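Okay, structure first, notes after.
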Amino acid sequence: MSNEFIPLYTSSVVDNMRNDRLRRICQDLGLKRSTGGRLKNDQERRDALKKVPKEVDANVFNPDSGLEADRPQKHRRSLSDPTQARPTIKRRTDEANTRRTTTRFRTGDEKMFSAAFNNQIKLEGFHLAAFRETREAGKVPLKRGGQWEYMSSVKTCLSHANGPAVVVDENDMIIFLYLPGFAKDATQRGLRSKINKLQEYQPLNWDDEKKGGDSRAGSHSLAPPRTIHQMTSNPDLGPRRSARIQTLQANKTTVISEAKEDSLNKYGLEVVVDDIRPLPEPPFLKGKELEDESEREDSEDDETSSTNMADLRGGSWHLCLAWFQLGQHRRLPPKMSVDLRVGSDNQHLLALKTNVFAWKSLVDERINNLVQWWFPTFYHAVIKCKESILANVQPSPPKQLVEKWASIYPHLALGYNRATHKHRDCGGVIHGLDCLLLTGDFSGGDLCLQDLNLQVEWRAGDFCAFDGKLFTHEVGPWNGTERMCFIYFVKRNIFEYYGIPTPLKPPSLAEVGILDID
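Following UniProt numbering, the numbering of the sequence shown begins with 1 at its first residue and continues without gaps.
Structure, rendered in structure tokens:
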């Protein structure tokens, strides 16, 4: 029988070189078989290669070089530049994440972002830095402030007809981002269905039941107007100071009752869970199941009739991973908001609440990408804040709820059938970003920013983002059967508690991470 070595592969010069060297190795090691030198299996071949030291200076074009040259050179190249050596593992991971993010935008929201980026509306004569300096000095009144300097002569309107847009100042600092039609109809129907199912067992905090009313709710949301006589009997105190005193007094009983409840229940429940009617535990939907159910929800015909907003009750939820109860800042560590921790020991109520977040994740991931792309500095600050909260807040949120909490924002509020008068978000972060997503069946209710003389056409499915602490804003009257506003925000005292410096760097067009703009 011939002693000629039978090569395992003969497809290329590299393979032939490998087989020639392997034949010599086998002969030296005495692994030659009666088949003419061919090894029985790949395991013997691997064992033979392990016994030969690899040479450092390997060259694929030199037959006498080491076996290290046998691997094709294409496996050693960088993901971004084939002429460069393969990067470290950490850099390869970062590149892979960037490639995935870019691909996601190409297939999803990149057209909308590109349209907004190309539709820049510059506010002539407005400088964000000068406005902030005057605003922090207390020289921009809330109620009687009017428009800021030159803004009174130019009214800016954003509408569906003009499409997505970004409003900037003279120095290209981003002030307002407007994306109409951001949420699909099917997703909106699913969200409304889950919210309405949840509020059957966990009622909203109705504005007309709050002691002293809601500081931001207008008369059309049925919050009783506050008067000096209702707030305090001292006429020498100003309205803002009087309102603060009255609010503290009105909530004293609530704080005491919460403290007593916390001693009995680690979650501090304020709702008698035993009174909730038993339900079969709803399934936890995810992925394609969510999309399929959203299509079914979309196919149903809802018979709705127009209703005046004044005939509907306005309410809200505050679903926050970390929250300071009134008067507890710098005294006690933060904990979950009452609305979020209610029902944490009741599997049926927890399942209903988790399903809301599962549906909301359909838009939360898109909002995360949007914030990362348009506001990178704020994005990293919020990520750090959320990680600190999940690692330290006690009692910790339920695991199944955290798994469905797709948003980077640790704070979420739901405004239900509300319209608010002029206000600023006093607990927010300067140069932070408040994201608002609207859904429902209504007409009207435009968003107005008084300082900028800016009016925004705000309809179901629309998304907008701006600094709610810096700018005065309000929502006008509307007509319809239902209106829900999801508000993503952050609290300044939570940032300070976890060591995140404020105020943040203002966002600018120069930092926008859009790579594929035409």
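The beta carbon of each residue, even a glycine, is placed where N, CA and C say it ideally should be. Fair warning: this is a prediction, and the values are worked out from it, not measured in the lab.
What's the call for Ala-510, buried or exposed, on a 16-neighbour Cβ count within 10 Å?
-> Within the sequence shown, numbered from 1, the residue matching residue 510 stands at position 510. So Ala-510 counts as exposed.
Give the single residue among Cys-157, Lys-139, Phe-113, Glu-496 whose Cα lies nearest to the Cα of Leu-452.
-> Position 452 of the sequence shown, counting from 1, holds the residue named residue 452. Checked all of Cys-157, Lys-139, Phe-113, Glu-496; the closest Cα to Leu-452 is Cys-157.
Minimum C-alpha distance to Trp-317 - residue among Ser-159, Tyr-416, Leu-362 | One-based indexing of the sequence shown puts residue 317 at position 317. Of the listed residues, the one whose Cα sits closest to Trp-317 is Tyr-416.
Given 8 Å, three or more beta-carbon pairs between the stretch 149-164 and the stretch 430-444 = no
What residue from Lys-505, Phe-471, Phe-182 has the CA that sits closest to Gly-427's CA?
-> As a working note, residue 427 is residue 427 in the sequence shown. Residue Phe-471 is the option with its Cα nearest to Gly-427.
With DSSP run on the structure shown, which of helix, strand or coil describes Cys-426?
-> Here the question's residue 426 lines up with position 426 in the sequence shown. Cys-426: coil per DSSP, three-state reduction.
Rounded to the nearest angstrom, how far is the Cβ of Asp-169 from that of Leu-123, given a contact under 8 Å?
-> In the sequence shown, residue 169 corresponds to position 169, counting from 1. In the sequence shown, residue 123 corresponds to position 123, counting from 1. Going by Cβ atoms, the distance from Asp-169 to Leu-123 rounds to 6 Å, so yes, they are a contact pair.
Euclidean distance between Cα positions of Trp-359 and Arg-189 | Within the sequence shown, residue 359 is the residue found at index 359, counting from 1. Within the sequence shown, residue 189 is the residue found at index 189, counting from 1. Looking at the two C-alpha atoms, the distance is approximately 10 Å.
Please name the residue, chosen from Ser-508, Val-512, Gly-513, that lies closest to Ala-129 on a Cα-to-Cα basis.
-> Position 129 of the sequence shown, counting from 1, holds the residue named residue 129. The alpha carbon of Ala-129 has as its nearest neighbour, out of Ser-508, Val-512, Gly-513, the alpha carbon of Ser-508.
With a CB to CB cut of under 6 Å and the five nearest residues on each side skipped, what residues in its chain are close to Pro-180?
-> For the purposes of this step, residue 180 is taken as the residue at position 180 of the sequence shown. Taken in chain order, the residues that qualify are His-160, Asp-462.
Would DSSP call Thr-502 helix, strand or coil?
-> Within the sequence shown, residue 502 is the residue found at index 502, counting from 1. Looking at Thr-502 - three-state DSSP - the assignment turns out to be coil, as it is neither helix nor strand.
Going by beta carbon distance, what residues of the same chain come within less than 7 Å of Lys-505, once the five residues before and after it are set aside?
-> Residue numbering aside, residue 505 sits at position 505 when the sequence shown is read from its first letter. Same-chain partners within the cutoff: Thr-377, His-431.
Residue closest to Lys-469, alpha-carbon to alpha-carbon, out of Thr-481, Arg-424, Tyr-488, Glu-496 = Residue mapping note: residue 469 aligns to position 469 of the sequence shown, counting from 1. Considering only alpha carbons, the answer is Arg-424.
What separation, rounded to the nearest whole angstrom, lies between the Cα atoms of Glu-365 and Trp-405?
-> Indexing the sequence shown from 1 puts residue 365 at position 365. Indexing the sequence shown from 1 puts residue 405 at position 405. C-alpha separation (whole angstroms): 10 Å.
Presumed contact (8 Å Cβ cut-off) between Gly-440 and Gly-476, rounded CB distance | The residue you call residue 440 lines up with position 440 of the sequence shown. The residue you call residue 476 lines up with position 476 of the sequence shown. About 15 Å separates the two Cβ atoms, so there is no contact after all.
Those runs of the beta strand (DSSP E) which lie wholly inside the stretch 331-419 and span at least 3 residues | 411-416
Quick one: what's got a C-beta closer than 6 Å to Trp-374's C-beta in the same chain, skipping five residues either side?
-> Locating residue 374 in the sequence shown gives position 374, where the first residue counts as 1. Cβ neighbours of Trp-374 beyond the five flanking positions: Val-512.
Quick one: Cα of Cys-320 to Cα of Leu-412, how far?
-> Counting from 1 along the sequence shown, the entry for residue 320 is found at position 320. Counting from 1 along the sequence shown, the entry for residue 412 is found at position 412. In a straight line, the C-alpha of Cys-320 is about 6 Å away from that of Leu-412.
Through-space distance from Lys-143 to Ser-114, alpha-carbon basis | On the sequence shown, residue 114 is found 114 positions in, with the first residue counted as 1. On the sequence shown, residue 143 is found 143 positions in, with the first residue counted as 1. If you take the alpha carbons of Ser-114 and Lys-143, they lie about 37 Å apart.
Reference residue 520; option with closest CA among Val-356, Lys-139, Leu-177 | Only positions 1 to 518 of the chain appear in the structure, and residue 520 is not among them; the question remains open.
Could you check how far apart the C-beta atoms of Val-490 and Pro-410 are, in whole angstroms? I think they sit under 8 Å.
-> Against the sequence shown, residue 490 aligns to sequence position 490. Against the sequence shown, residue 410 aligns to sequence position 410. Contact holds; Cβ gap of about 7 Å.
Secondary structure, beta strand (DSSP E): runs of 3+ residues fully inside the stretch 425-459 | 434-444, 447-449, 454-456
C-alpha gap between Thr-502 and Gln-120, whole angstroms | The residue given as residue 502 occupies position 502 in the sequence shown. The residue given as residue 120 occupies position 120 in the sequence shown. Cα to Cα, Thr-502 sits roughly 28 Å from Gln-120.
Is DSSP giving Asn-196 helix, strand or coil here?
-> The residue labelled residue 196 in the question sits at position 196 within the sequence shown. Here Asn-196 sits in helix by DSSP.
Among residues of its own chain, excluding the 5 on either side of Arg-313, which ones have a beta-carbon nearer than 7 Å to its beta-carbon?
-> Taking the first residue of the sequence shown as position 1, residue 313 is located at position 313. Trp-206, Asp-208, Leu-222, Asn-417.
Between the stretch 345-361 and the stretch 321-337, are three or more C-beta pairs nearer than 8 Å?
-> no
Under a three-way DSSP split, which group does Glu-474 fall into?
-> On the sequence shown, position 474 is the one that residue 474 refers to. Three-state DSSP puts Glu-474 in a strand.
Go through the stretch 102-167 residue by residue and report every complete run of the alpha helix (DSSP H) that reaches 4 residues or more, in order.
-> 110-118, 128-136
Since Val-356 and Ile-195 are thought to touch, with beta carbons under 8 Å apart, how far apart are those beta carbons, to the nearest angstrom?
-> Position 356 of the sequence shown holds residue 356. Position 195 of the sequence shown holds residue 195. Rounded, the Cβ-Cβ distance is 6 Å, consistent with contact.
Do you know offhand how far Gly-125's Cα is from Phe-131's?
-> Here residue 125 corresponds to residue number 125 of the sequence shown, with the count starting at 1. Here residue 131 corresponds to residue number 131 of the sequence shown, with the count starting at 1. C-alpha separation (whole angstroms): 11 Å.
Cα-Cα separation, Asn-118 to Val-371 = For the purposes of this step, residue 118 is taken as residue 118 along the sequence shown, with counting starting at 1. For the purposes of this step, residue 371 is taken as residue 371 along the sequence shown, with counting starting at 1. Asn-118 and Val-371: Cα-Cα distance of roughly 18 Å.
Might you give, ordered along the chain, the residues of its own chain that have their beta carbon closer than 7 Å to the beta carbon of Arg-24, omitting 5 neighbours on each side?
-> Residue numbering aside, residue 24 sits at position 24 when the sequence shown is read from its first letter. The answer is none, since no qualifying residue turns up.
Could you check the C-alpha separation between Val-167 and Met-112 for me, to the nearest Å?
-> Here residue 167 is taken as the residue at index 167 of the sequence shown, counted from 1. Here residue 112 is taken as the residue at index 112 of the sequence shown, counted from 1. Whole-angstrom Cα-Cα distance: 15 Å.
Pair within 7 Å by beta-carbon distance, Leu-449 and His-473 = Within the sequence shown, numbered from 1, the residue matching residue 449 stands at position 449. Within the sequence shown, numbered from 1, the residue matching residue 473 stands at position 473. Cβ atoms of Leu-449 and His-473: closer than 7 Å.
What is the rounded straight-line gap between the Cα of Asn-493 and the Cα of Glu-110?
-> Start at 1 with the first residue of the sequence shown, and residue 493 comes out as number 493. Start at 1 with the first residue of the sequence shown, and residue 110 comes out as number 110. The straight-line gap from Cα to Cα measures roughly 34 Å.
What's the gap between the Cα of Ile-487 and the Cα of Leu-198?
-> Position 487 of the sequence shown, counted from the start, is the residue given in the question as residue 487. Position 198 of the sequence shown, counted from the start, is the residue given in the question as residue 198. Looking at the two C-alpha atoms, the distance is approximately 18 Å.
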